[in-house]
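A short write-up of the structure that comes next.
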């Protein structure tokens, strides 16, 4: 039987803003979920200053989900190779 390779999902602002918190949990069941540092900062910015009430609600839900996710989402920063 072939082994299934590990899956890592990189979530961007679009994926987070169009999905529900329940769908975020489903993403984490597929494999490891990674939120790049810049995406995390954008979601925090939307949480603090969004003129759109729907985006503000989603950003608030993300902020709560991220704080209670027990490592389901991991902040990363891009690395450059020399």
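In the numbering used here, the protein residues as written are 2 to 83.
Positions of the beta carbon are idealized from the N, C-alpha and C atoms, including for glycine.
Please read these numbers as outputs of a predicted model, since none were measured by experiment.
For residue 48, same chain residues with a beta-carbon under 6 Å away, outside a window of 5 residues either side, are 60, 61, 64 in chain order. For residue 54, the enclosing alpha helix (DSSP H) has its first and last residue at 54-68. In the DSSP annotation of this structure, the continuous segment of the beta strand (DSSP E) that includes residue 10 starts and ends at 9-11. Taking all protein chains in view, the Cβ of residue 40 is crowded by 16 or more other Cβ atoms within 10 Å, so the residue is classified as buried. Bounds of any beta strand (DSSP E) do not take in residue 22; it lies within the alpha helix (DSSP H) bounded by 22-31.
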